[in-house]
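There are 2 protein chains.
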Amino acid sequence: MRISQAVEDYLKTIYRLELESKGEGVSTTKIANLMKVSSASVTNMIKRLAKLGMVRYESYYGTTLTDSGRKIALEIIRHHRLLELYLKEIMGYSWDQVHDEAENLEHHISEQFEDKIAELLDHPTHDPHGDPIPTKEGVIPEIASRPLTEVRESKDYLLGRVKNQDPELLRYLDDIGLIPGVRIKVLEKAPLKGPVTIEVEGESTAIGYDVATHLYVMSAKNS
Amino acid sequence: MRISQAVEDYLKTIYRLELESKGEGVSTTKIANLMKVSSASVTNMIKRLAKLGMVRYESYYGTTLTDSGRKIALEIIRHHRLLELYLKEIMGYSWDQVHDEAENLEHHISEQFEDKIAELLDHPTHDPHGDPIPTKEGVIPEIASRPLTEVRESKDYLLGRVKNQDPELLRYLDDIGLIPGVRIKVLEKAPLKGPVTIEVEGESTAIGYDVATHLYVMSAKNS
DNA sequence: TCGGAAATTCCAGTCCGTTTAAATTGAGGG
DNA sequence: CCCTCAATTTAAACGGACTGGAATTTCCGA
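First to last, the sequence lines map onto chains A and B. 223 is the number that my numbering gives the last residue of the first sequence; the numbers go up by one with no jumps. 223 is the number that my numbering gives the last residue of the second sequence; the numbers go up by one with no jumps.
What follows is the structure, given as structure tokens:
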């Protein structure tokens, strides 16, 4: 039984929302908003997913992925992130181009293709955005990460993930050297959601608060 | 307007059949047989294609591709053959594995992806089967080719294309060195559709008549 | 307990691709 | 020239996969 693209997209969305709203089930409206469909459609689809054993569904409460559903979601996410990396590293795509292409292809590559690119990339654990790539078995190598806005001043960090797909933003970050893995130091955080001043490779730069909320970092051992 | 995979597949098979039955339009039944659907389905679809301006359709006579339809068919074929080559040369697929993967992916890659792989392959003109790859503009670099069964004895040829996708056959040919581009000499053609004996790289081999009909060659300047 | 937001039900519609069965067409043999 | 038969088209309908509007129900918090 072939799994449709729509089903895969629903599962992916539910997975994402499950991460945020820890604990309780995912609400119908949230799914509807994120996917830009009516809530009626969502209820419909969720019932189908429940019948297929991919989600647990309790009326008026919310939805949770079953192991089977989560496995599919993670497989798609694995495809997506492997593809992003592959497109960038091997095919010469730029950072801001990979997302859309991966979004299409993730639904259509075979397991063999998945294995090949993983191999060619030497079985990577993180994609170009710094997001972890689930293993074939559905295990995610998690990383401790906090947004740049909630971090101590005058301390060294490694930029972990950039939680945003906006091409303009990505190009901007690229320009100023903010690439996942780079070492940065927070010099000053202006109050009242003001800009965050950081040091990247010797240069100091001020970043808008909104942008900073998308930059996740982990602490670096002081060199 | 997104073109569905089914439409693309119909156009592709009409294109193939047009090549064979030179002149007249392509018959409904032939399409039906090749695609393994009922002839009613074919008539239906062809009318849709006609409405979309992709084929010329005259009741009870047959179907012809319009320029617009042919362009789409050639684009898909270009995707297919580029992909086959890419999968083999860069991703390390074996000759007999590429077809199925390409058959899926051909419908889903973007123009950018197409361009990238063409570039990485240095804009090739033929795929691993020896089939010509249409250009982006829809021009096919044709090659003069006759099946091995209709060729003079004791003369040198270059193997051009292998017109068959059967993995088992492809592996067999690979084993005995029958790869597109290889130089071969026809030693003997047994009568009554008997085996064809050829010399490949010093070795002489006998090939069944049925297999030989799939091997297309062009004459080689005698070394 | 009540009001409103969230969720569900009910129903309908669309699109795409397909099939069966009956009717039609056209071409070649007698 | 007609007749038969195979090829083709028509007609009707189905089913899957989604989707949406509108009415209804549920739940929760004030």
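Ideal placement from N, C-alpha and C gives every residue a C-beta, glycine not left out.
So with Cβ pairs under 9 Å, would you call residue i a contact of chain A?
{"i": "residue 116 of chain B", "result": "yes"}
{"i": "residue 3 of chain B", "result": "no"}
{"i": "residue 110 of chain B", "result": "yes"}
{"i": "residue 44 of chain B", "result": "no"}
Would residue i pass as a contact of residue j if the rule is Cβ separation under 9 Å?
{"i": "residue 217 of chain B", "j": "residue 171 of chain B", "result": "no"}
{"i": "residue 209 of chain B", "j": "residue 149 of chain B", "result": "yes"}
{"i": "residue 14 of chain A", "j": "residue 31 of chain A", "result": "yes"}
{"i": "residue 58 of chain A", "j": "residue 79 of chain A", "result": "no"}
{"i": "residue 186 of chain B", "j": "residue 152 of chain B", "result": "yes"}
{"i": "residue 64 of chain A", "j": "residue 98 of chain A", "result": "no"}
{"i": "residue 162 of chain B", "j": "residue 215 of chain B", "result": "yes"}
{"i": "residue 205 of chain B", "j": "residue 197 of chain B", "result": "yes"}
{"i": "residue 101 of chain B", "j": "residue 85 of chain B", "result": "no"}
{"i": "residue 76 of chain B", "j": "residue 17 of chain B", "result": "no"}
{"i": "residue 29 of chain A", "j": "residue 46 of chain A", "result": "no"}
{"i": "residue 24 of chain A", "j": "residue 69 of chain A", "result": "no"}
{"i": "residue 136 of chain B", "j": "residue 115 of chain B", "result": "yes"}
Mind checking residue i: buried by the 16 CB within 10 Å criterion, or exposed?
{"i": "residue 93 of chain A", "result": "buried"}
{"i": "residue 128 of chain A", "result": "buried"}
{"i": "residue 175 of chain A", "result": "exposed"}
{"i": "residue 225 of chain A", "result": "Since the first residue of chain A shown is 1 and the last is 223, residue 225 of chain A is not available in this structure."}
{"i": "residue 60 of chain B", "result": "exposed"}
{"i": "residue 223 of chain A", "result": "Unreliable positioning characterises residue 223 of chain A in this predicted model, as indicated by a pLDDT of 39, which lies under 50. A coordinate reading is not provided."}
{"i": "residue 40 of chain B", "result": "exposed"}
{"i": "residue 190 of chain A", "result": "exposed"}
{"i": "residue 141 of chain A", "result": "exposed"}
{"i": "residue 159 of chain A", "result": "buried"}
Taking only beta-carbon positions, decide if residue i is within less than 9 Å of chain B.
{"i": "residue 91 of chain A", "result": "yes"}
{"i": "residue 80 of chain A", "result": "no"}
{"i": "residue 215 of chain A", "result": "no"}
{"i": "residue 100 of chain A", "result": "yes"}
{"i": "residue 120 of chain A", "result": "yes"}
{"i": "residue 97 of chain A", "result": "yes"}
{"i": "residue 107 of chain A", "result": "yes"}
{"i": "residue 223 of chain A", "result": "Its pLDDT being 39, under 50, residue 223 of chain A is placed unreliably by the model, and nothing is read from it."}
{"i": "residue 104 of chain A", "result": "yes"}
{"i": "residue 160 of chain A", "result": "no"}
For the candidate residues the options, whose alpha-carbon lies nearest to that of residue i?
{"i": "residue 103 of chain B", "options": "B:202, B:8, B:123 and B:203", "result": "B:8"}
{"i": "residue 67 of chain B", "options": "B:96, B:139, B:91 and B:112", "result": "B:139"}
{"i": "residue 229 of chain A", "options": "A:96, A:47 and A:1", "result": "In the structure as shown, chain A starts at 1 and stops at 223, and residue 229 of chain A therefore has no counterpart that could be examined."}
{"i": "residue 90 of chain B", "options": "A:71, A:74, A:113 and A:108", "result": "A:113"}
{"i": "residue 188 of chain B", "options": "B:111, B:203, B:177 and B:154", "result": "B:154"}
{"i": "residue 165 of chain A", "options": "A:158, A:173 and A:159", "result": "A:173"}
{"i": "residue 74 of chain B", "options": "B:177, B:157, B:19 and B:1", "result": "B:19"}
{"i": "residue 202 of chain B", "options": "B:177, B:159 and B:211", "result": "B:177"}
{"i": "residue 134 of chain A", "options": "A:42, A:169, A:71 and A:55", "result": "A:71"}
Any chance the CB of residue i is under 8 Å from a heavy atom of the ligand FMN?
{"i": "residue 18 of chain A", "result": "Inclusion of the ligand FMN in the displayed structure is not the case, the ligand content being empty and no account of it being possible."}
| said: Is it the case that the segment 50-64 of chain B contacts the segment 108-125 of chain B, given that we only count it when at least three CB pairs across the two stretches are under 8 Å? | reply: no
| Below 8 Å, can you find three or more Cβ-Cβ pairs linking the segment 128-140 of chain A to the segment 177-189 of chain A? | yes
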